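> Each residue of the sequence shown is one higher than the one before, starting from 6 at the first, in our numbering. First the structure, then my questions, so here it is.
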Amino acid sequence: MSNKSRIKNGAVVCAGGDYMKQQATFDPVIEARVEELLSRMTLEEKAAQMVQIPYRMVPREEALDWARKGAGSFLHVLGDDAREVQSIALSTRLGIPVLFGIDAIHGHGLNEQATIFPSQLAAACSWNPALVEEMGRVTAREVATDGLHWTFSPVLCLGRDPRWGRVDETFGEDPYLTAVLGTAIIRGYQGKRLDGNESILACAKHYIGYGEAVGGRDACDTEMTYRKLRDVFLPPFEQAIEAGCATVMTAYGSIDGTPFTASEKTLKTILRDELGFDGLVVTDWDNVNSLVERQHVAENLDEASLLAAEAGNDMIMTTTAFYDSAIRLVRTGKMPESVLDGAVKNILRVKFRMGLFEQPEKRGVPGCLGCAEHLEASRALARESIVLLKNNGVLPLAPTVKKIAVVGPNADDIRAQYGDWTYFTHPMPNPEHPPVRPYVTVLEGVRTLAEASGAEVVYARGCGVIETPEDDLDAAVEAARDCGAILLVLGDCVEQAGEFRDRADLSLSGRQEELFLRLKTLNIPIITVLVATKPLCFPRVAEGSDAVLVAFNGGMFGGLAVAEAVFGKLNPSGKLPVSVPHHTGQIPVYYNSLPGWHGGTYVDQPAESLFAFGEGFGYARFAYDNLRFDEKTLTLSVTLTNAGTVRGAETAQVYIRDLVSSVITPIKRLIAFEKATLEPGETRELRFQLKPEDFSLVLPNERRVVESGDFQLMAGTSSKDADLLSLTFRLTVTN
Ligand code: NOJ
C-alpha cells in the first residue's frame with residue numbers, strides 16, 4: 006500500500022462552500038425587485054416566462070402571440086423582427102422585457118455583416134487568452150448592436166473524441182486550456198457590467214459531459230462516473246461560474262441513464278448548492294420533448310415538464326408545450342407553484358442584472374458590424390491559430406521559388422474555411438447564400454503575396470472533399486508539373502461536421518489522399534495544409550509532405566494567415582489543443598490518459614498520436630533549460646531561449662504527474678502555460694505560480710483532495726515526453 010493511500014483524507018481544497026463565498030453578484034436591491042415582480046405574476050405569466058420561442062420555426066403570428074402571452078425569451082430573431090416582439094412584450098400587463106438569444110459562436114455569424122472569427126478549436130490553437138477575450142468583446146459588441154442580449158457560447162465541452170461532429174466548437178481536449186480560454190471569452194462577452202451597453206450574456210454549455218458521448222455519437226449517453234465528471238469535465242464550468250458566467254445550458258445527453266435535463270444531481274446539488282450558481286439555466290433545443298420522444302424517461306409532455314422543472318431547468322428552449330403542461334401540473338396539484346417561482350426568479354434576476362427593465366434593447370455601437378477594428382481582431386486571432394507541425398526546410402518559401410501550385414479542395418472554399426454557425430453554412434436554412442467580403446481564402450492570400458514577390462501562381466482544385474464527377478487529378482498534376490512548390494490544401498467540409506454529423510472514419514475523404522500520392526510523383530516539395538473542423542487522420546500524407554500546417558476553420562482571414570506563414574510574413578506560433586490520431590481506431594488518443602497495462606499500443610498501430618497535444622513550432626528555435634521548483638512558494642521556473650535567427654512566440658507548457666495516488670491519475674496533466682515572444686538570442690525566465698488545486702485529485706467519494714507524496718513537474722514545448730524537462734519533489738499535506 007502506498008504512503009498516499011494511507012493518507013486518504015488529505016486537505017480538502019475545493020469544497021463546495023468555498024465557491025458560494027465567491028459569488029460577488031448578489032445584490033439585495035435586485036433580489037427585492039425580483040420578489041416584488043414575482044408577487045404580481047399569475048400562474049400563466051410565470052409559465053410563459055419560462056418558455057423560449059424559436060422565432061424562425063413558428064409562423065410569425067404565432068411568435069407574436071407568444072410575445073403577448075409574455076414568453077420570457079426568443080431565439081434566432083434579428084433586427085426589426087426582434088424590435089416588434091419586444092414592443093409587444095413591453096405593452097403587456099407587466100411589461101417584462103424579452104431576452105433575445107442567438108448562437109454567436111465564432112463571431113455574430115448568423116448576421117452576414119458580422120465579423121467571422123476562427124472557430125473555437127482554431128482559436129484554441131493560439132493559446133492566447135487575450136486574443137480570445139477580444140474575440141468575445143467584439144462579438145458582444147456586434148450582437149448588442151443588433152439589439153440582442155445573449156449568446157449561446159462558449160462551449161466548454163471537451164473535444165476528446167474527434168469522431169464527434171462538434172469538436173470544432175470546443176477549445177480542444179484539455180480541461181485546463183478550456184477553462185482558461187472559456188473564462189477569457191466569457192469576460193469578453195459580459196464585460197465589466199452586464200448592464201453595459203456592449204455587454205451580452207455568455208452561456209456555459211453544454212452542461213455537462215456532452216462531448217463524451219459514447220462512440221462520438223452526438224447527444225448519446227456518456228459512460229462516466231461522477232468522480233470522472235468532477236475530475237475532468239466540471240473544472241471548466243466551475244471556472245466559468247467563478248468568472249461570473251450568467252447562464253448555463255444543459256446538454257442533450259445523459260449520464261448513466263439519467264438525461265442531463267432531468268438530473269437534479271448535476272443541476273441542483275452541484276451547480277446550485279456547491280458552485281453557488283444563481284444565474285439562469287436553459288435547456289438545449291427541445292430537450293424536454295426529448296425526455297419523451299428520444300430518451301423515453303417520460304410518458305408524455307406533462308411528465309417531462311415535471312421532470313425538467315423539478316430537476317432545476319429555468320428556461321425551456323423551444324418545447325412550447327411546456328407552457329400548458331406547467332399550468333396543468335400546478336392546477337392539478339402535481340407540481341408546487343414554488344417550482345415555477347424558483348425558475349422565474351432566476352430568469353428575472355438575470356433580466357434585472359442586464360438592466361433590461363431600464364433599457365430593453367441593447368444599443369451596441371451603430372456601424373460597428375465588420376468594422377476595421379473588429380476585422381483586425383479576427384485577423385490577429387487567425388494568425389495565431391496557424392499550427393506548423395512539420396518543416397524540412399521548405400518553409401518559409403525561398404524567394405527563388407518563382408512558380409507555386411495551389412491545389413486541393415479547401416484552397417478556395419470559404420464555406421470550408423468558415424466551418425459551421427455562420428449565415429451561409431450549417432445550421433442556417435440557406436447554405437447557398439453567397440458569402441460576404443472581406444474574407445480571404447488560401448488561394449487568394451497566396452495570389453496576393455506571390456504577386457508582391459513576383460512569383461506566378463497556378464491553381465487546380467484536383468478533387469472535392471467528397472468525391473464528385475468533376476474531380477480531375479490529372480489536371481492538378483499537369484498544373485503543378487513545372488512548379489517550385491505545391492501548396493496542397495486538404496480537409497473536410499461543413500456537411501461532415503456539426504450536430505448529428507459524426508464521423509466513423511476520420512481519414513481523408515474522397516480522393517484527397519490519391520491526389521497527394523499523384524502529386525508526390527512529381528518530386529516537388531509539398532506543403533500540406535489542413536483546413537478542417539477537427540483533427541483528421543492523415544499519417545501517409547503527413548509523412549510524405551515536406552511541411553504540414555493545420556489551420557482548422559480560420560474564419561475570414563484563415564486563408565490569409567496560411568499564405569503569410571508560407572511566405573514567412575508570419576512566424577507560426579499555434580499549438581495543437583487536441584491530439585491528432587494516426588487512425589480512427591486509436592481513439593481515444595488524448596494526451597492526459599490514465600496509465601494501464603495495455604500502454605496504448607495496438608498490434609497494428611503505434612502507441613502515440615500522430616501529432617500530440619501542445620505540438621507546434623515556428624521559424625525560430627526555442628531551448629528550455631534550468632527547470633526549478635520552489636517548494637515553499639509553489640513556484641516553478643524555467644529558462645526559455647530563442648536560439649533561432651528570427652523573432653518568435655513560444656507557448657511554454659507545464660504538466661504534472663502524481664506519481665503514486667490512491668486513485669489512478671493521468672500520465673500528465675496541463676496545469677499552466679505562458680506564451681512569450683522573444684527576439685533572436687533572447688533568454689527569459691518564465692515563472693509559474695502553482696496552486697494547491699494543481700496537485701489535487703478526486704476521490705471515489707467525489708471529494709477533491711490533495712494527497713501527500715511524490716509529484717513530477719514537467720515544462721517544455723509540447724506534451725510529448727521528449728519535449729519536456731522534468732523534476733520530482735515530495736509534497737507533504739499538513740491537516
Ligand atoms: C442546439 C445546440 O446544441 C446548441 O449548442 C445551440 O445553442 C442551440 N441548439 C440553439 O441554437
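Ideal Cβ positions, reconstructed from N, Cα and C, are used throughout, including at glycine. These numbers were taken from a predicted model, which means no experiment stands behind them.
Buried or exposed: which applies to residue 92, given that a residue is buried once 16 or more other Cβ atoms fall within 10 Å of its Cβ?
As a first step, residue 92 is located in the sequence shown; it is residue number 87 there, counting from the start. With fewer than 16 other Cβ atoms within 10 Å, it is exposed.
> Got a list of residues with beta-carbon closer than 5 Å to any non-hydrogen atom of ligand 1, in chain order?
Residues with a Cβ closer than 5 Å to any heavy atom of ligand 1, in chain order: 108, 157, 289 and 290.
> Under the rule that 16 or more other beta-carbon atoms within 10 Å means buried, what is residue 426, buried or exposed?
Position 421 of the sequence shown, counted from the first residue, corresponds to residue 426. When all chains shown are included, residue 426 counts as buried.
> Going by the CB atoms, is the gap between residue 205 and residue 245 shorter than 8 Å?
Translated into positions along the sequence shown, residue 245 becomes position 240. Translated into positions along the sequence shown, residue 205 becomes position 200. No; because the gap between Cβ atoms is not below 8 Å, this pair is not in contact.
> Quick one: Cα of residue 733 to Cα of residue 706, how far?
Within the sequence shown, residue 733 is the residue found at index 728, counting from 1. Within the sequence shown, residue 706 is the residue found at index 701, counting from 1. Their backbone Cα atoms lie some 28 Å apart in a straight line.
> Check this for me: beta carbons of residue 647 and residue 627, under 8 Å apart or not?
Taking the first residue of the sequence shown as 1, we reach residue 647 at position 642. Taking the first residue of the sequence shown as 1, we reach residue 627 at position 622. Yes, Cβ-Cβ distance for residue 647 and residue 627 is below 8 Å.
> Taking the C-alpha atoms as reference points, what is the distance between residue 461 and residue 536?
Position 456 of the sequence shown, counted from the start, is the residue given in the question as residue 461. Position 531 of the sequence shown, counted from the start, is the residue given in the question as residue 536. One C-alpha to the other measures close to 23 Å.
> Can you find the residues in the same chain that come closer than 7 Å, C-beta to C-beta, to residue 165, ignoring five residues on each side of it along the sequence?
Position 160 of the sequence shown, counting from 1, holds the residue named residue 165. Contacts found: 178, 216, 217, 593 and 595.
> Sorted by chain position, which residues of the same chain lie with C-beta nearer than 7 Å to residue 730's C-beta, five sequence neighbours on each side aside?
Taking the sequence shown and counting its residues from 1, the one referred to as residue 730 is at position 725. Cβ within range, chain order: 629, 632, 643, 719, 720 and 721.
> What are the partner residues of residue 125, as DSSP defines its beta bridges?
Here the question's residue 125 lines up with position 120 in the sequence shown. Paired residues: none, contrary to the question.
> Whole angstroms are fine: how far does the CA of residue 555 sit from the CA of residue 385?
Here residue 385 corresponds to residue number 380 of the sequence shown, with the count starting at 1. Here residue 555 corresponds to residue number 550 of the sequence shown, with the count starting at 1. Each residue's alpha carbon lies about 16 Å from the other.
> Which of helix, strand or coil does DSSP assign to residue 351?
Walking along the sequence shown from the start, residue 351 turns up at place 346. Three-state DSSP puts residue 351 in a helix.
> DSSP state of residue 571, grouped into three classes?
Numbered from 1 along the sequence shown, position 566 holds the residue referred to as residue 571. It is helical.
> Quick check on DSSP: helix, strand or coil for residue 27?
Mapped onto the sequence shown, residue 27 falls at position 22. For residue 27, the predicted model reports a pLDDT of 36, less than 50, meaning its position is unreliable; a value from the coordinates is still stated below. Residue 27: coil per DSSP, three-state reduction.
> State yes or no: is the C-beta of residue 567 within less than 8 Å of the C-beta of residue 450?
Here residue 567 refers to the residue found at position 562 of the sequence shown. Here residue 450 refers to the residue found at position 445 of the sequence shown. Yes, the pair counts as a contact, with Cβ atoms nearer than the cut-off.
> What residue from 508, 300, 550 and 563 has the CA that sits closest to residue 491's CA?
Stepping through the sequence shown from its first residue, residue 491 is reached at position 486. Nearest of 508, 300, 550 and 563 to residue 491, Cα basis: 550.
> Taking the alpha-carbon positions, what's the residue 257 to residue 316 distance?
Counting from one through the sequence shown, the residue named residue 257 turns up at place 252. Counting from one through the sequence shown, the residue named residue 316 turns up at place 311. When rounded, the distance between both Cα atoms is 14 Å.
> Taking residue 744 and residue 265 to be in contact with their CB atoms under 8 Å, please state how far apart those CB atoms are, rounded to whole angstroms.
No answer is possible for residue 744: the residues shown for the chain start at 6 and end at 740.
> Which residues in the same chain have their Cβ closer than 6 Å to the Cβ of residue 1, if we skip the five residues on either side of it in sequence?
The shown model of the chain, from 6 to 740, leaves out residue 1, and the question about it has no answer.
> For residue 253 and residue 355, what's the separation of their Cα atoms in angstroms?
Here residue 253 is taken as the residue at index 248 of the sequence shown, counted from 1. Here residue 355 is taken as the residue at index 350 of the sequence shown, counted from 1. Each residue's alpha carbon lies about 12 Å from the other.
> How many whole angstroms separate the CB atoms of residue 493 and residue 531, which I take to be in contact at a CB cut-off of 8 Å?
The sequence position of residue 493 within the sequence shown is 488, counting from 1. The sequence position of residue 531 within the sequence shown is 526, counting from 1. About 6 Å; that satisfies the 8 Å criterion.
> Would you list the one or two residues that DSSP bridges to residue 465?
Sequence index remark: in the sequence shown, residue 465 carries index 460 (1-based). DSSP lists 412 as partners of residue 465.
> Grab me the residues of residue 606's own chain with a C-beta within less than 7 Å of its C-beta, minus the 5 sequence neighbours each way, in chain order.
Taking the sequence shown and counting its residues from 1, one reaches residue 606 at position 601. Result list for residue 606: 612, in chain order.
> Just curious, the alpha helix (DSSP H) that residue 247 is in, first and last residue?
Here residue 247 is taken as the residue at index 242 of the sequence shown, counted from 1. Segment 239 to 247, the alpha helix (DSSP H) holding residue 247.
> Would DSSP call residue 717 helix, strand or coil?
Residue numbering aside, residue 717 sits at position 712 when the sequence shown is read from its first letter. The answer is strand: DSSP assigns residue 717 an E or B state.
> Kindly list the residues whose CB is nearer than 6 Å to the CB of residue 324, restricted to its own chain and excluding five residues on each side of it in sequence; keep chain order.
By 1-based counting over the sequence shown, the position of residue 324 is 319. 291, 293 and 294, listed in sequence order.
> Would you call the stretch 71 to 78 in contact with the stretch 99 to 110, where contact means no fewer than 3 C-beta pairs closer than 8 Å?
The stretch 71 to 78 vs the stretch 99 to 110: in contact.
> Count the other CB atoms within 10 Å of the CB of residue 31; is the residue buried (16 or more) or exposed (fewer)?
Along the sequence shown, one-based indexing puts residue 31 at 26. So residue 31 ends up on the exposed side.
> Curious, which full-length alpha helix (DSSP H) runs of at least 4 residues does the stretch 153 to 228 contain?
Counting only runs of 4 or more, we get 180 to 195.
> Buried or exposed for residue 700, please, with buried defined as at least 16 other CB atoms from any protein chain shown within 10 angstroms of its CB.
As a working mapping, residue 700 is identified with position 695 in the sequence shown. Residue 700 is buried by the Cβ-count criterion.
> For residue 496, which three-state DSSP category applies?
Here residue 496 refers to the residue found at position 491 when the sequence shown is read from its first residue. Residue 496 falls in the strand class under three-state DSSP.
> Checking the sheet assignment: what are the DSSP bridge partners for residue 683?
Here residue 683 refers to the residue found at position 678 when the sequence shown is read from its first residue. Answer is 653, bridged to residue 683.
> Excluding the 5 residues preceding and the 5 following residue 458 in the sequence, name in chain order all residues of the same chain whose CB lies nearer than 8 Å to its CB.
Locating residue 458 in the sequence shown gives position 453, counting from the first residue. So the qualifying residues of the chain are 404 and 572.
> Rounded to the nearest angstrom, how far is the Cβ of residue 415 from that of residue 470, given a contact under 8 Å?
The sequence position of residue 415 within the sequence shown is 410, counting from 1. The sequence position of residue 470 within the sequence shown is 465, counting from 1. Right, their Cβ atoms sit about 7 Å apart.
> Quick check on residue 692: does DSSP put it in helix, strand or coil?
Locating residue 692 in the sequence shown gives position 687, counting from the first residue. Three-state result, residue 692: strand.
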